[in-house]
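Trainee: Please read through the structure below; I'll follow up with questions.
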Amino acid sequence: MSPHRNSETSHDRGKHLSFQEAEDFIEGLTGLGDDVVAGLQSLEHLENEEVFQRCVAALKTPETDQERLEYELVRLVLWDKFSEGEKKVQKAEGGHGSGDELVIDGAKMGTDTAGVVTTGHIPDSKNGKNLSNDKEKSSSHSTPSFDPIVKPSDPPSSPTLASTSTAPSDPTRDSPSDLTLPDDIDNRLPYRLGWPLLPIHPILTTYENIPKDLSPSSSHTAKFHSILQTYKLSVQKLEVAHRANPGVHTPTSILTLCVLVTPTPDRPANNINESAEALAALLALRSYIQTSSLPLHIELIDARAFHGLYTHPVLASDAAIARTVGCRIEGANAVLVASGEHGATAHVYYRGLSRKRRECTPTLVVAVRQPNRRVLWKHVLPRLREIVGPDLDVELRAYRAGEASSVRYGGRQEGEDGCGSSSS
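Counting from 1 along the sequence shown, just add 3 to a position and that's the residue number in our numbering.
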């Protein structure tokens with residue numbers, strides 16, 4: 004049975020997949036290309052975890068690096084369908100427990116104030132195996148774990164980041180950024196996806212001491228382009244550069260592969276951290292970089308955000324915002340002090356990817372001295388969102404000395420040189 008024919012049948016009937024439908028959809032596949040992923044995306048949700056596991060077990064055992072990467076992407080999509088099915092069943096039955104938890108076959112998934120799943124794991128059921136540690140298993144239910152398929156030997160050590168999305172999500176649908184990704188995937192910002200933990204704006208970009216084997220004409224660069232073409236990302240520019248916060252010394256051995264992505268009607272770049280194609284491309288790039296022992300980090304970013312976001316002032320005519328700015332900033336400062344960020348600053352601006360103020364979002368911009376502290380993203384950011392309410396976004400950024408006097412309005416982007424060419 005062809006994947007597309009089966010997906011259309013399931014979609015037309017608008018019901019759960021039966022065991023046989025699930026197996027027929029996957030069974031006999033000789034490859035795992037984009038057409039298979041597209042077919043999976045068109046499916047209704049899976050019936051329960053047993054169907055999910057049987058689907059994964061029916062996948063062709065991956066043999067090559069490319070098949071392993073595509074296998075992992077398909078498994079993410081299957082988990083997405085399974086999660087949708089569980090949520091609909093729970094909603095029909097009146098839910099389980101408090102409204103702040105999703106219970107999926109014994110695995111509790113807590114949600115933060117933005118409705119984003121913050122804990123929980125994807126079971127790897129290939130050949131009936133669960134990759135969680137034996138000592139963590141209970142007699143009734145074990146918390147499933149997500150162990151990435153692609154694990155090149157001896158990968159370079161790197162900082163890790165718990166996968167926590169900072170942007171509000173549609174609570175009726177899980178996206179790749181809501182799932183438990185490999186710990187070193189950085190999906191904190193809606194316009195960027197990276198590996199491992201990357202600096203946040205403002206970022207200084209320099210091009211000194213780039214190795215010749217990473218030049219635009221090198222074989223490695225050709226391979227990078229080939230991988231990106233495989234996943235049909237619209238790339239404006241690809242370059243290797245040093246990326247770091249101003250004032251932070253970056254060793255010459257730490258470089259970043261910068262992939263500047265342009266939006267298309269079906270793939271808006273401003274939510275690249277939720278793109279299954281971007282995630283698959285990132286995993287493929289990471290696998291090649293690790294197996295080739297290249298000293299590279301990876302940054303897939305909306306081209307409009309590469310040099311920073313645009314900043315516009317809050318005007319007196321913005322009465323609803325201007326009236327409450329003072330108390331909101333005061334509340335935010337109290338939370339920051341309690342978290343240990345005594346030198347933080349908080350201001351309200353319009354921030355976004357456009358030169359036009361009306362196309363940007365009123366945002367509480369919080370500058371902190373240690374922006375990659377885990378506690379800021381896991382606990383402080385959700386609390387700040389509660390304080391400012393739904394009419395303001397919240398942005399964490401790196402603090403730089405004298406930034407209060409470097410602010411300039413008029414829709415200019417933040418400068419990379421730290422000299423206050425614009426505000427950030």
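Glycine included, every Cβ here is placed at the ideal spot set by N, Cα and C.
Can you say whether C363 is buried or exposed, counting buried as having 16 or more other CB atoms within 10 angstroms of its CB?
Mentor: Buried is the call here.
Trainee: Is the segment 206–217 touching the segment 273–290 in the sense that three or more CB pairs, one from each, lie closer than 8 Å?
Mentor: At 8 Å Cβ cutoff, the stretches do not touch.
Trainee: Note down the Cα distance separating G355 from S221, rounded to an integer number of angstroms.
Mentor: Looking at the two C-alpha atoms, the distance is approximately 35 Å.
Trainee: Name the DSSP bridge partner or partners of P365?
Mentor: Y353.
Trainee: Is DSSP giving E242 helix, strand or coil here?
Mentor: Reduced to three states, the DSSP call for E242 is strand.
Trainee: I'd like the span of the beta strand (DSSP E) that includes R400, first residue to last.
Mentor: Its beta strand (DSSP E) spans residues 396–401.
Trainee: State the Cα-Cα distance for the pair Y353 and H315, rounded to the nearest angstrom.
Mentor: Looking at the two C-alpha atoms, the distance is approximately 5 Å.
Trainee: Pairing CB atoms from the segment 356–375 with CB atoms from the segment 230–242, are three or more of them under 8 Å?
Mentor: Cβ pair count under 8 Å is below three, so no.
Trainee: Closer than 8 Å is the cut-off here; do at least three beta carbon pairs connect the segment 343–351 with the segment 293–313?
Mentor: Touching, no, given that fewer than three Cβ pairs across the two stretches are closer than 8 Å.
Trainee: Expressed to the nearest angstrom, what Euclidean distance is found between the alpha-carbon atoms of I257 and P298?
Mentor: About 6 Å.
Trainee: So, helix, strand or coil for E302, using DSSP?
Mentor: Three-state result, E302: strand.
Trainee: Nearest by alpha-carbon distance to H400: which of L200, V369, S218 is it?
Mentor: Checking the sequence, you will find Arg at residue 400 rather than His. When only C-alpha atoms are compared, the closest one is V369.
Trainee: For A323 versus D394, is the C-beta spacing smaller than 8 Å?
Mentor: Result yes, Cβ atoms of A323 and D394 sit closer than 8 Å.
Trainee: Pick helix, strand or coil for V340, following the three-state DSSP scheme.
Mentor: V340: helix per DSSP, three-state reduction.
Trainee: Tell me whether V340 is buried or exposed, calling it buried when 16 or more other Cβ atoms sit within 10 Å of its Cβ.
Mentor: V340 should be labelled exposed.
Trainee: Excluding five sequence neighbours on each side, which residues of the same chain lie with their C-beta closer than 8 Å to the C-beta of I390?
Mentor: Within the same chain, I390 has close Cβ partners R331, G334, A335, V338.
Trainee: Where does the unbroken alpha helix (DSSP H) through H228 begin, and where does it stop?
Mentor: Unbroken alpha helix (DSSP H) run through H228: 222–233.
Trainee: By the three-class DSSP mapping on this structure, what secondary structure does R377 have?
Mentor: Correct three-state label for R377: helix.
Trainee: Could you have a look at D442 and say whether DSSP puts it in helix, strand or coil?
Mentor: The chain is shown from 4 up to 427; residue 442 falls before or after that span and cannot be answered.
Trainee: Looking only at C-alpha atoms, which of P266, V262, V243 sits nearest to T209?
Mentor: Of P266, V262, V243, the residue nearest in Cα terms is V243.
Trainee: Go through its chain and collect everything with a Cβ distance to V351's Cβ below 8 Å, but skip five positions before and after it.
Mentor: Contacts found: V317, I324, V328, R331, I332, P365, T366, L367, V368, L395.
Trainee: Once the 5 residues before and after H228 are set aside, which same chain residues still bring their CB inside 7 Å of it?
Mentor: Excluding sequence neighbours, H228 sits near L241.
Trainee: Do I206 and N248 have their beta-carbon atoms positioned less than 8 Å apart in this structure?
Mentor: Yes, these two residues count as a Cβ contact at 8 Å.
Trainee: State the Cα-Cα distance for the pair Q373 and D187, rounded to the nearest angstrom.
Mentor: C-alpha separation (whole angstroms): 18 Å.
Trainee: By how many angstroms is the C-alpha of V371 removed from the C-alpha of L384?
Mentor: Roughly 12 Å separates the two Cα atoms.
Trainee: Quick one: residues in its chain with C-beta nearer than 8 Å to the C-beta of Y194, no 5 flanking neighbours on either side, listed in chain order?
Mentor: Cβ within range, chain order: A272, N273, N274, I275, N276, I304, D305, R307, A308, L356.
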